[in-house]
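Shown next, in structure tokens, is the structure this report addresses.
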Amino acid sequence: MAFGRAARRRTRTERAAGTGGTGDAQDPAGRHDEGAPGTGDSAPGTVRRGGRDAEPHPDTADGSADGSAAPPHSPAGTAADAGSGTAPGTAESDARVTAETSQRRSLGASTVWVPTRSPAHPGDRHPLTDDERRSVRMVQGFGTVGSLMLAFGSLGAGAAPVLNPVNTLPVLRLFARIPTVSLAVAFIGMLMLIIGWLLLGRFARPSRKRMVCRGELHRTLLLWIAPLVVIPPVFTRDPYVYLGQSEVLTRGMDPYQFGPEVLGNDDPLVVGVANIWRDTPAPYGPLFLRIGSWITGFTGEHVSGGILLFRLLTLVGLGVIVWVLPRLADRFGVPPSTALWLGVANPLVLFHIVGGAHNDAIGIGLMLLGLEVGLRRLPYRVRGDSPPPLVKGELRYIVLGAAIITVAAAVKVHAIVALGFFGVMIARRWYGGIKDLLKAAALMLAVSAVVMTAVTYGVGLDYGWVNGLSTPTKLWNWIAPTSEIGQLGGVLGIALGLGNHTGGIISVLAVISYLVAGAITVKFLWDSLHWRYRPMIGLGVSLGAVMLLHVAMQPWWLLWAIIPLAASAGTSRFRVVATGMTVVLSLLVPPNGSPFDGRLYTLPQAYFAGGLVVLGALALLWWRAPSVLFARTDPADLLHPVPSRTSLRHRRSRQHGPGNGAAGADADAGKPTTGRAERTAAPPAEASGAAPRPDDPASTPS
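The numbering of the sequence shown is the working numbering, which starts it at 127 and goes up by one.
Structure, rendered in structure tokens:
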């Protein structure tokens with residue numbers, strides 16, 4: 127608790143000196159307030175909102191993640207302010223607190239002190255050494271070669287259009303004539319990108335004193351994405367579905383009643399659509415289809431031009447994620463570089479969002495943007511604090527944030543889940559009671575109803591789009607656990623002579639899965655309201671449950687969970703699980719998005735040849751790169767020393783002894799950790815996620 131003691135000493139010194147801080151103010155969003163002198167005293171009638179008297183618990187609950195204004199204080203002026211996230215975790219935290227400036231805002235007779243940055247700020251990192259920077263550049267080049275290989279391989283192994291313009295290009299048309307070789311080339315690119323991403327992650331670990339900067343990550347993204355912009359769709363044929371369903375709307379028909387086949391099966395915009403989706407209504411929101419109709423209206427029957435514009439639209443959504451994610455991460459105590467590495471440089475993003483041109487990037491980007499806007503004026507809160515008065519613009523930002531989230535749901539309906547957790551943040555901004563929750567829910571419902579109605583009818587459609595939400599269930603994806611269990615049940619029924627009841631089994635399992643996902647969402651809403659989890663973490667887990675339990679689950683769907691959690695969950699356990707799932711899911715779907723029926727033998731041939739080439743490339747990288755790229759991290763380069771196993775067991779036995787229960791067992795839902803050592807370092811009293819009040823040492827979170 128050295129962090130809390132230093133802040134209390136600072137507060138007592140300021141009271142004795144009659145000052146409340148010095149320097150100009152800069153809010154968590156990075157805006158500089160020239161009119162914030164940052165001086166004054168705690169006279170009667172003053173509301174002090176900027177002190178940092180208690181060390182926030184880095185674990186499950188956030189308190190503060192509910193906003194970016196100032197942490198409220200108790201009437202005595204000593205309340206904790208760190209709810210939103212984790213303790214900085216750096217050796218220079220005390221010095222940073224002392225140097226932290228404030229800004230003064232007048233509310234009638236009161237003065238509000240606003241912190242210059244989020245109390246959960248993860249702390250600054252030192253720049254990389256010369257060898258580390260050289261290693262990062264070599265990893266960038268390694269991944270760029272992989273991206274180029276995937277781009278060239280996609281010309282013969284991607285989901286090319288039926289009328290493929292590549293067949294008219296000299297040299298490049300050769301790839302279409304050697305599909306097995308093209309598949310091997312594409313697989314080489316996939317493996318090189320995955321390995322490059324894993325190696326880059328060594329310099330984005332939050333436990334390091336030196337981390338790769340955001341600018342270097344942005345350059346990496348540009349290098350890895352650029353070759354994938356002008357290629358045919360890979361890993362999926364969904365962009366052709368976008369074209370067909372958008373053209374239905376362009377020609378004045380309802381895409382929620384008619385599938386693309388209404389245009390005629392010989393239409394250039396239909397021939398590329400998979401047969402299973404030709405007669406199905408659109409499962410996408412009305413806003414996306416209207417934007418798609420503008421694209422098809424502009425490109426006409428030019429399939430390649432339409433695909434390119436849909437990919438550029440996806441890149442706009444990805445750009446929003448790149449802009450928003452570091453800001454949310456900074457607010458929730460996760461290093462922005464870590465969030466960008468896991469949430470944006472992720473191979474699932476490169477393969478399926480960029481290469482596959484999926485519209486999920488637009489939905490996720492708008493959802494996160496709505497949360498960032500809505501949190502701009504909410505005060506930082508911890509459990510037990512007295513809620514502060516409304517500040518100027520707070521309600522306006524809340525409404526605007528809810529409106530943007532609703533617009534995201536008009537693209538992909540999954541984004542609507544964020545409104546529930548945003549409502550929890552608003553309820554916790556006050557007292558976090560049932561009345562506060564109902565008021566917040568009423569506001570979210572009113573805003574979403576008005577905005578969704580305006581968008582739906584504004585684009586010339588009606589609420590018939592709700593009927594199309596069940597369209598994806600027509601596909602039983604072997605990747606989906608629910609679908610796979612149902613198909614295994616059908617096979618078992620046939621083996622036992624009971625008949626083929628696969629459809630009925632999957633239908634029952636689908637209903638059960640939806641109920642389980644709904645129950646998980648309700649649980650995390652309730653727990654977030656009671657400060658056991660950060661609402662942002664609850665959002666990621668809930669979306670993950672919805673996607674994972676769907677009968678048509680696709681690899682890129684899990685980005686709805688990974689990206690929000692990348693900005694809010696800082697534990698090493700989460701990063702290990704997310705990294706493992708990313709690697710596995712990235713390799714499950716071949717580049718052409720088809721099951722290779724009748725020629726499955728081509729996959730092992732291509733993958734074996736590609737694997738040999740990648741091993742050679744990796745050996746060359748190992749030979750040329752500085753030793754720091756592959757060597758074990760020096761403990762001196764970590765923020766916290768890693769204790770021995772004996773001291774770990776001793777510390778764990780003391781923490782989990784009589785009277786402490788398992789308080790520390792589920793810690794770390796949001797702390798930037800160095801691993802198991804840090805997970806055992808949090809005091810048991812804080813393990814539920816709510817920082818104790820310094821003016822009431824006997825209080826313990828419930």
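For each residue, glycine too, the CB sits at the ideal point set by N, CA and C.
Open item on the list: Given the structure, does residue 550 come close to the ligand COA, in the sense that its CB is under 7 angstroms from one of the ligand's heavy atoms?
Closed with: The ligand COA is not part of the structure shown, which contains no ligands of any sort.
TODO: State yes or no: is the C-beta of residue 609 within less than 8 angstroms of the C-beta of residue 602?
DONE: yes
Open item on the list: Classify residue 169: buried if its beta carbon has 16 or more other beta carbons within 10 angstroms, exposed otherwise.
Closed with: Unreliable positioning characterises residue 169 in this predicted model, as indicated by a pLDDT of 34, which lies under 50. The coordinate reading is nonetheless provided below. Residue 169 comes out exposed.
Open item on the list: With distance defined between alpha-carbon atoms, name the residue in 277, 494, 320, 759 nearest to residue 449.
Closed with: 494
Task: Entirely enclosed alpha helix (DSSP H) segments - the segment 316 to 389, minimum 4 residues - done: 340 to 351, 364 to 376
Open item on the list: Within 10 Å of its beta-carbon, does residue 559 have 16 or more other beta-carbons around it, so buried, or fewer, so exposed?
Closed with: exposed
TODO: Let me know if residue 252 comes out buried or exposed under the rule of 16 or more other beta-carbons within 10 Å of its beta-carbon.
DONE: exposed
Task: residue 713 (DSSP reduced to helix, strand or coil) - done: Correct three-state label for residue 713: coil.
Task: Collapsed DSSP secondary structure at residue 252 in the structure displayed - done: Shown here, residue 252 sits in a strand according to DSSP, grouped into three states.
Open item on the list: Could you compute how far the alpha carbon of residue 739 sits from the alpha carbon of residue 314?
Closed with: So the two alpha carbons sit approximately 7 angstroms from each other.
Open item on the list: So for residue 812, helix, strand or coil by DSSP?
Closed with: Model confidence at residue 812 stands at a pLDDT of 26, short of 50, so the residue's coordinates are unreliable and nothing is read from them.
Task: Own chain, CB closer than 8 angstroms to residue 543, minus 5 neighbours either side, in chain order - done: Only 647, 665, 668, 669, 672 meet the Cβ criterion.
Open item on the list: If I measure Cβ to Cβ from residue 691 and keep anything under 6 angstroms in the same chain, skipping five residues before and after, which residues do I get?
Closed with: 666
Task: N-terminal and C-terminal residue of the alpha helix (DSSP H) that residue 681 is part of - done: Element bounds for residue 681: n/a, residue is neither H nor E.
TODO: Within its chain, find whatever has a CB closer than 6 angstroms to the CB of residue 433; leave out the 5 residues flanking it on each side and keep chain order.
DONE: 365
Open item on the list: Within 8 angstroms, do at least three Cβ pairs link the segment 727 to 737 to the segment 684 to 703?
Closed with: no
Task: Beta-carbon proximity of residue 279 to residue 681, cut-off 8 angstroms - done: At the C-beta level, residue 279 and residue 681 stay beyond 8 angstroms of one another.
Task: Same chain only: Cβ atoms within 8 angstroms of residue 352, ignoring 5 sequence neighbours per side - done: So the qualifying residues of the chain are 273.
- [ ] Measure the CB-CB distance between residue 490 and residue 447 and report whether it falls below 8 angstroms.
- [x] In terms of Cβ geometry, residue 490 and residue 447 form a close pair [threshold 8 angstroms].
Task: residue 764, DSSP secondary structure in three states - done: strand
- [ ] Drop a sphere of 10 angstroms on the beta-carbon of residue 515, count the other beta-carbons inside from all chains shown, and report buried for 16 or more, exposed for fewer.
- [x] exposed
Open item on the list: Does the segment 395 to 414 come into contact with the segment 367 to 382, if we say contact requires no fewer than three beta-carbon pairs (one atom in each stretch) closer than 8 angstroms?
Closed with: yes
Open item on the list: Pairs of beta-carbons, one from the segment 543 to 557 and one from the segment 647 to 661, closer than 8 angstroms: are there three or more?
Closed with: yes
- [ ] Going by CA-CA distance only, name the one from 439, 393, 442, 440 that's closest to residue 426.
- [x] 393
- [ ] Measure the alpha-carbon distance for residue 258 versus residue 436 and round it to whole angstroms.
- [x] 37 angstroms
- [ ] Assign residue 753 to buried or exposed, taking buried as 16 or more other Cβ atoms, counted over all protein chains shown, within 10 Å of its Cβ.
- [x] exposed
- [ ] Ignoring anything shorter than 4 residues or poking outside the segment 435 to 481, list the alpha helix (DSSP H) runs there in chain order.
- [x] 462 to 469
Task: Segment contact flag, the segment 334 to 347 with the segment 281 to 293, C-beta cutoff 8 angstroms, min 3 pairs - done: no
TODO: Express the C-alpha separation of residue 349 and residue 329 in angstroms, rounding to a whole number.
DONE: Rounded to whole angstroms, residue 329 to residue 349 spans 18 angstroms at the Cα level.
Open item on the list: I'd like to know whether the C-beta atoms of residue 265 and residue 343 end up nearer to each other than 8 angstroms.
Closed with: no
Task: Three-state secondary structure assigned by DSSP to residue 706 - done: Correct three-state label for residue 706: helix.
- [ ] Going by CA-CA distance only, name the one from 487, 512, 461 that's closest to residue 440.
- [x] 487 is the residue among 487, 512, 461 whose C-alpha sits nearest the C-alpha of residue 440.
Task: When 302, 297, 277, 296 are compared against residue 289, the one with the closest alpha-carbon - done: 302
Open item on the list: Threshold first: 3 residues or longer. Then list the beta strand (DSSP E) segments lying entirely within the segment 267 to 324, N to C.
Closed with: none
- [ ] Please confirm whether residue 469 and residue 689 have their CB atoms less than 8 angstroms apart.
- [x] yes
TODO: Within 10 angstroms of the Cβ of residue 591, are there 16 or more other Cβ atoms? Answer buried if so, exposed if not.
DONE: buried
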